[in-house]
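Following: one structure in structure tokens, then a few remarks.
2 protein chains.
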Amino acid sequence: MPPRRPVQRATINDVARVAGVSRGTVSRVLNGETYVSDAARTAVEAAVAEVGYVRNAAARNLVTRQSGAIGLIVHEPHSLFLEDPNIGSILLGINAVLSEADYQLVSLVVDSDRDGVRVASYLTGGYVDGVVIISARENDPIGLAVARSGLPAAFVGHPMDIEGVPYVGIDNRSAARAVTERLMATGRQRIGMIAAGLDRDSGQDRLAGFTDALGDRFDPRLVVEVPLFAHSSGIAGMRELLTHDDRVDGVFASSDAIAAGALDAMRDVGLSAPGDIGVVGFDDSAWARRTQPPLSTVHQPADLLGRRAAELVLAQLEGRSVEAEGSFLETTIVWRDSA
Amino acid sequence: MPPRRPVQRATINDVARVAGVSRGTVSRVLNGETYVSDAARTAVEAAVAEVGYVRNAAARNLVTRQSGAIGLIVHEPHSLFLEDPNIGSILLGINAVLSEADYQLVSLVVDSDRDGVRVASYLTGGYVDGVVIISARENDPIGLAVARSGLPAAFVGHPMDIEGVPYVGIDNRSAARAVTERLMATGRQRIGMIAAGLDRDSGQDRLAGFTDALGDRFDPRLVVEVPLFAHSSGIAGMRELLTHDDRVDGVFASSDAIAAGALDAMRDVGLSAPGDIGVVGFDDSAWARRTQPPLSTVHQPADLLGRRAAELVLAQLEGRSVEAEGSFLETTIVWRDSA
DNA sequence: GCTTATTCTGGGAGCGTTCCCAGACTCTCG
DNA sequence: CGAGAGTCTGGGAACGCTCCCAGAATAAGC
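First to last, the sequence lines map onto chains A and B. Going letter by letter, the first sequence gives residues 2 to 340 in this note's numbering. Going letter by letter, the second sequence gives residues 2 to 340 in this note's numbering.
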């Protein structure tokens, strides 16, 4: 079949001609301004329908200096992007708020460094009026570029090395502390952790909270670091942990997927939860309800995270000042059967 | 903190002034044209760095009539969007191809009808040069709007009611037939199906393939329709199926998530796979390797689906004609332990 | 009826680019 | 040395829209 080509589009002048009015009047009708006679309005509306007019976004953006779009940057390696249980909900939360305010969300997935360059110029080139950035690691060039650009922005999560951009996150440290304490309170004596994502604040804070809770009883040999927040990492991590100490009776995993992997690794060697080892996850993702036994875990308000971030951007767009640099949303512990 | 405001941006005229050349020369350098002296080129590059110039996208789009961006429309109810195991891979496949060709992918998630209107005008307003649409249902207004717009486009999946737009999909019917036949070949006598998504071609075709394979032995009472491609639907579907006939010994599920739910429902009533009932899923998603036992399923080349769709759009953008209206990619059956 | 508001309209200017034409300057070659 | 080709540059015009000013038409007030 022949290539599809956009048809020659009608301009505001065509509409004006057909409607028998001037360019200015058409523009006024299009933008819903007052001071337009009913006769003119109906004529323009009919003409718009007749010629199939759609406003040229580029021309409009050029003069108004805004695009009506907000960017969402998801900067994750592919594997993480596919695994992350929160991104979907965050995205939907953002979309809900922006949709309400009549902004269009455009998501940019950044993979390679090459993408990074293109995305940075996309953002600063005026395609978007603001931006939400998920999961900025340390030294994230895009985060830095956005911070420098002055573009209204908000982070989901708290980048450690960027200032002046508001953020909304959860208090990973407190949540990890609370859940670890609860594990201790159920009588667990030798509690280990399978930690992931130590290159970002969330990962580090979860580890810190775990350490906080254990205090003197903290034993570094019981912390295993794994590369991904993934099921496979959970399996590997649990196996390694058991070689370090086969009397482990509690495990805090950095994510539900890791916890699920840990449960599977345990099953392979004849151990079960919560009997032999109490296992706790993080995220309260779809995983948590589907493992055997269902996971005790920390519930993350992902949807709300997205909504808040979007609101932060909108506030700036409207010229309102943002009260605090950052805020943390409440997490709740969901105690199921795995611990 | 005060609202962030984009700083006043430098224009090409500022660059020209600083570099001591004309607007035209700056433009030539920016666009990598020949016929620019080395002296001018270096002067311009230095000036660009000095004033922090970034090209204004709107102005450029206005005159070139292109945006350098391709839209991806994901038109799914929220629940599906979060569950769908393929969307992520498709997106990454598209992104890989477009990134190579230096196009920026912008993803638009459509939820409400209100979003639909905004998205349609976004697409036809010149923000994107082309578009990939995932999962168009019947009477999808956005699919229709795109088809009518003449915008270079491609569907992932085969919309039943839209013509003239190329698509790439998988042969759901053959795949379903093949997998059902294999289930029969292993000696299953009473094979049921838990079917989802009958409002779209993929769902209908899977059911049709299932019916094809069974031929005379098809028993409509053994087909249970569920609303979502989800775990919870699998649980409900399996329970319902067992009330219809408690001697079922084989089940084909429309997705891995459904199959996983079916396995859980079976476990609850003391049945197991493959001993009591052989269970087969669809997608070969992350689920498949994590159920107990691991699922036999149909592997969907999601990444490739995305790549092909992106290539179809690029071909049109380059004015090449597209050989066939649609194509179907090969699926493979992955036989694990659940059947 | 005349003045002053109020409502409505047309069209010039300008947004920041690219495109393209005309002219200047530099080679090359007979 | 002069003609022609090749290289390089400046700047006018246009892209399609919004903004805004000035003026026309209508309504309101005395």
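Here a beta-carbon is modelled for each residue, glycine too, at the ideal position from N, C-alpha and C.
- Residue-level contact check: V52(B) does not touch chain A, since none of the beta carbons of chain A fall below 8 angstroms from its beta carbon.
- Judged by DSSP secondary structure, F219(B) falls outside any beta strand (DSSP E); it is assigned neither H nor E.
- Here T26(A) is near V45(A), since their CB atoms are less than 8 angstroms apart.
- Between S108(A) and L92(A), the C-beta spacing is below 8 angstroms.
- Residue pairing by DSSP puts M194(B) in a beta bridge opposite V224(B), F253(B).
- Taking all protein chains in view, the Cβ of S322(A) is surrounded by fewer than 16 other Cβ atoms within 10 Å, so the residue is classified as exposed.
- Taking the C-beta atoms as reference points, V225(B) is found nearer than 8 angstroms to L242(B).
- Looking only at G21(B), I163(B), V280(B), the smallest Cα-Cα distance to G327(B) is reached by I163(B).
- Legend: CB atoms of the region 186-199 of chain B lying less than 8 angstroms from CB atoms of chain A are not found in any residue.
- Taking 4 residues as the minimum length, the alpha helix (DSSP H) runs contained wholly in the region 45-117 of chain A are 58-65, 79-84, 88-101, in order along the chain.
- For A17(B), the enclosing alpha helix (DSSP H) covers residues 13-20.
- Here the alpha carbons of F230(A) and L199(A) stand approximately 11 angstroms from one another.
- Cα atoms of Y168(A) and T43(B): separation of roughly 40 angstroms, rounded to the nearest angstrom.
- Counted as a single uninterrupted DSSP element, the stretch harbouring S175(B) is not any beta strand (DSSP E) but the alpha helix (DSSP H) occupying residues 173-186.
- Under the 8 angstroms criterion on CB atoms, T125(A) is classed as interfacial with respect to chain B.
- Under the DSSP assignment, S150(B) falls in the alpha helix (DSSP H) whose first and last residues are 142-150.
- Under the three-state reduction of DSSP, L229(B) is assigned to coil, being neither helix nor strand.
- Fewer than three pairs of CB atoms, one per stretch, sit closer than 8 angstroms, so the region 98-112 of chain B makes no contact with the region 33-42 of chain B.
- The region 280-292 of chain B makes no contact with the region 125-142 of chain B, as fewer than three CB pairs between them are under 8 angstroms.
- Separation of the CB atoms of L296(B) and R337(B) is rounded to 6 angstroms, and the pair is thereby assigned contact status at 8 angstroms.
- Taking a C-beta distance under 8 angstroms as the contact criterion, V280(B) and V180(B) do not qualify as a contact pair.
- Boundaries cannot be given for A274(A), as no beta strand (DSSP E) includes it and DSSP labels it neither H nor E.
- By the CB criterion at 8 angstroms, L184(B) and G251(B) fall inside the cutoff.
- Of the residues R248(B), E312(B), V157(B), the one whose Cα lies closest to the Cα of I74(B) is V157(B).
- Interface criterion not met: the Cβ of L305(A) is under 8 angstroms from no Cβ in chain B.
- For the 8 angstroms CB-CB criterion, G238(B) and A263(B) form a contact.
- Rounded to the nearest whole angstrom, the CA to CA distance from L313(A) to Q67(A) is 18 angstroms.
- The Cβ neighbour count for Q190(A), taken over all protein chains shown within 10 Å, is under 16; the residue is labelled exposed.
- Against chain A, the CB of N62(B) has a partner CB under 8 angstroms away; the residue lies at that interface.
- Per the DSSP secondary-structure output, L330(B) pairs in a beta bridge with I171(B).
- Excluding residues up to 5 positions away in sequence, V225, V227, G235, G238, M239, L242, V252, A254, S255, I259, A263 lie with their Cβ nearer than 7 angstroms to the Cβ of I195(B) in the same chain.
- The shortest C-alpha to C-alpha distance from A20(B) to any of A47(B), N32(B), G170(B), M2(B) is the one to A47(B).
- R29(A) is a Cβ neighbour of V37(A), given a cutoff of 8 angstroms.
- At a Cβ-Cβ threshold of 8 angstroms, G127(B) and N57(A) count as neighbours.
- Sixteen is the threshold: since fewer than 16 other Cβ atoms of the shown chains lie within 10 Å of the Cβ of G188(A), the residue is exposed.
- Residue environment: V64(B) is assigned as exposed (fewer than 16 neighbouring CB atoms within 10 Å of its CB, all protein chains considered).
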